[in-house]
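Trainee: Residue numbers (my numbering), protein chains in the order written: chain A, 1 to 206; chain B, 207 to 412. Starting off with a structure, shown below.
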DNA sequence: TTCCGCATTATACTAAGGTATAATAGACAG
DNA sequence: CTGTCTATTATACCTTAGTATAATGCGGAA
């Protein structure tokens, strides 16, 4: 099976810049999708794509930083490489604080851009990998009944069946049944594995 | 008991800036320690202090970014707020990538500075808190004998005593003894707790 | 050499966990 | 109304884990 070529989304309102950057990226083997505005990008991009976003800071209407906020609020994990023509430190700092992958100045050096893109795509790859694992775990959690979920939370804190039964106002055997179903549904064979799984998706202790 | 007042280290080669910033910080209730150079700061600062560092980017000899690297390599977790008089985007981006808490431009607004300092100190507080917990766990780990440590690693992956014994070429009873000592030394009463502890200091699965 | 820490093994018992089977009962959807 | 899902409880049995006690052997430090 062929690994799909990562896609670099380029958003810049100035056509010559779009063309120039697209050419460089394409020559380096990346799939490129260019947009003249943030709105256009939002309307057409597929958030599930492996890749990154090369984004101009200053644009009419929605600017780069605003698009970054919108994407973040939408749960996007697409790494963003900003491009700017002006030397605005506060903007660069804000972008980086908000998780930008990089922030480059125009005119951008081809090698710098490509390096930043490669780093960003690697980040995206690893974040997506983690997300995949996480959603797999969440899917299993979703199959638990409310009571099973409750028992799970006691189990991963190390409570004994006896104690759990006491806290839930039931008897040990009931807990055992729930517990067995939890292990089955979460597809683990030991408490240790169960704790590892639940730790990853932030299931707190009781 | 009184909470010790957090200390803000100020490093700037220009005395008027040092004085002005120190005054603002002092008026806001922070303890302030000012230095005219990175070297001076390195020689005199106590890395265990709760606080943060307000650091000028451009200085003769060691500049701010170089000091950041030195501190990072030395394992410092003191948050850094950079101050710069020049609009150098790449430097601000580098600083932020390397974990700077903030990056402000001169002349700096008093409120901006104080806000950044407060955020930085809160970061420091929480990082230090985590470090304290971590070193406590490591201290316990250090009391384990090599064999106990080995058994620990099997236990937290969910292996049965029988399996552990097989892998270690010994018998179940031996494993039980080691296991009991591990639980005792790590001060936990369940496998779940043990997994939680070891997860925090990156003990990998077998 | 002697003492101590470490690793080992054994016996014996208690407690806890895991599995199988079965039955009851309420809630809710078709 | 009937069947399914969920939660519950019970009995019985087997497997693991935990604990106590004791003893052996080895190697390094005093």
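Quick reminder that beta carbons are idealized off the backbone N, C-alpha and C, glycines included. Only a predicted model underlies this, so the values are computations on that prediction, with no experimental measurement involved.
1) Quick check on residue 144(A): does DSSP put it in helix, strand or coil?
2) For the stretch 66-97 of chain A, which segments carrying the alpha helix (DSSP H) assignment without a break, of at least 4 residues, lie completely within its bounds, in sequence order?
3) Could you check how far apart the C-beta atoms of residue 51(A) and residue 78(A) are, in whole angstroms? I think they sit under 8 Å.
4) With DSSP as the reference, identify every bridge partner of residue 52(A), one or two as the case may be.
5) Can you pull the DSSP bridge partners for residue 104(A)?
6) Which stretch, first to last residue, makes up the beta strand (DSSP E) that contains residue 41(A)?
7) Counting only beta-carbon atoms, is residue 302(B) nearer than 9 Å to chain A?
8) Go ahead and pull the three-state DSSP assignment for residue 34(A).
9) Run through DSSP, which three-state label would residue 360(B) get?
10) Taking C-alpha atoms, which residue in 149(A), 88(A), 81(A), 7(A) lies nearest to residue 49(A)?
11) Tell me whether the beta-carbon of residue 217(B) lies closer than 9 Å to the beta-carbon of residue 281(B).
12) Identify whether residue 372(B) lies in helix, strand or coil by the three-state DSSP scheme.
13) If the cut-off is 9 Å on Cβ atoms, which residues from the stretch 353-371 of chain B count as contacting chain A, listed in chain order?
14) Could you run through the stretch 176-199 of chain A and flag, in chain order, every residue whose CB is less than 7 Å away from some CB of chain B?
15) So which residues on chain B does residue 102(A) lean against when the C-beta distance must stay under 9 Å?
16) For residue 24(A), which of helix, strand or coil comes out of DSSP?
17) Under three-state DSSP, which class holds residue 123(A)?
18) Taking only beta-carbon atoms, is residue 13(A) less than 9 Å away from chain B?
19) In chain order, what residues of the same chain lie with their CB nearer than 7 Å to the CB of residue 95(A), ignoring the 5 residues before and after it?
20) What three-state label does DSSP hand residue 159(A) in the structure shown?
21) Which of helix, strand or coil does DSSP assign to residue 389(B)?
22) Rounded to a whole number of angstroms, what is the C-alpha to C-alpha distance between residue 159(A) and residue 191(A)?
Mentor: Taking the coordinates as given:
1) Walking along the first chain from the start, residue 144(A) turns up at place 144. In this structure, residue 144(A) counts as coil in the three-state DSSP scheme.
2) 89-97
3) In the first chain, counting from the first residue as 1, residue 51(A) sits at position 51. In the first chain, counting from the first residue as 1, residue 78(A) sits at position 78. The Cβ separation is near 7 Å, so the contact holds.
4) One-based indexing of the first chain puts residue 52(A) at position 52. DSSP lists 8(A) as partners of residue 52(A).
5) Numbered from 1 along the first chain, position 104 holds the residue referred to as residue 104(A). Answer by DSSP bridge pairing, in chain order: 83(A).
6) As a first step, residue 41(A) must be located in the first chain, where it is residue number 41. Segment 38-44 is the alpha helix (DSSP H) holding residue 41(A); no beta strand (DSSP E) there.
7) Translated into positions along the second chain, residue 302(B) becomes position 96. At least one chain A Cβ lies under 9 Å of residue 302(B).
8) Along the first chain, one-based indexing puts residue 34(A) at 34. In this structure, residue 34(A) counts as strand in the three-state DSSP scheme.
9) Indexing the second chain from 1 puts residue 360(B) at position 154. Reduced to three states, the DSSP call for residue 360(B) is helix.
10) Locating residue 49(A) in the first chain gives position 49, where the first residue counts as 1. The shortest Cα separation from residue 49(A) among 149(A), 88(A), 81(A), 7(A) belongs to 7(A).
11) For this step, residue 217(B) is matched to residue 11 along the second chain. For this step, residue 281(B) is matched to residue 75 along the second chain. Cβ atoms of residue 217(B) and residue 281(B): not closer than 9 Å.
12) Counting from one through the second chain, the residue named residue 372(B) turns up at place 166. Here residue 372(B) sits in helix by DSSP.
13) 361, 362, 363, 364, 365, 366
14) 189, 190, 191, 192, 193, 195, 196, 199
15) On the first chain, residue 102(A) is found 102 positions in, with the first residue counted as 1. Those within 9 Å of residue 102(A) in chain B are 299, 303.
16) Locating residue 24(A) in the first chain gives position 24, counting from the first residue. Here residue 24(A) sits in helix by DSSP.
17) Numbered from its first residue, the first chain carries residue 123(A) at position 123. It is helical.
18) As a first step, residue 13(A) must be located in the first chain, where it is residue number 13. No, residue 13(A) does not count as interfacial toward chain B.
19) For the purposes of this step, residue 95(A) is taken as residue 95 along the first chain, with counting starting at 1. Same-chain partners within the cutoff: 65, 68, 82, 103.
20) Indexing the first chain from 1 puts residue 159(A) at position 159. Correct three-state label for residue 159(A): coil.
21) One-based indexing of the second chain puts residue 389(B) at position 183. Reduced to three states, the DSSP call for residue 389(B) is helix.
22) In the first chain, residue 159(A) corresponds to position 159, counting from 1. In the first chain, residue 191(A) corresponds to position 191, counting from 1. Rounded to whole angstroms, residue 159(A) to residue 191(A) spans 11 Å at the Cα level.
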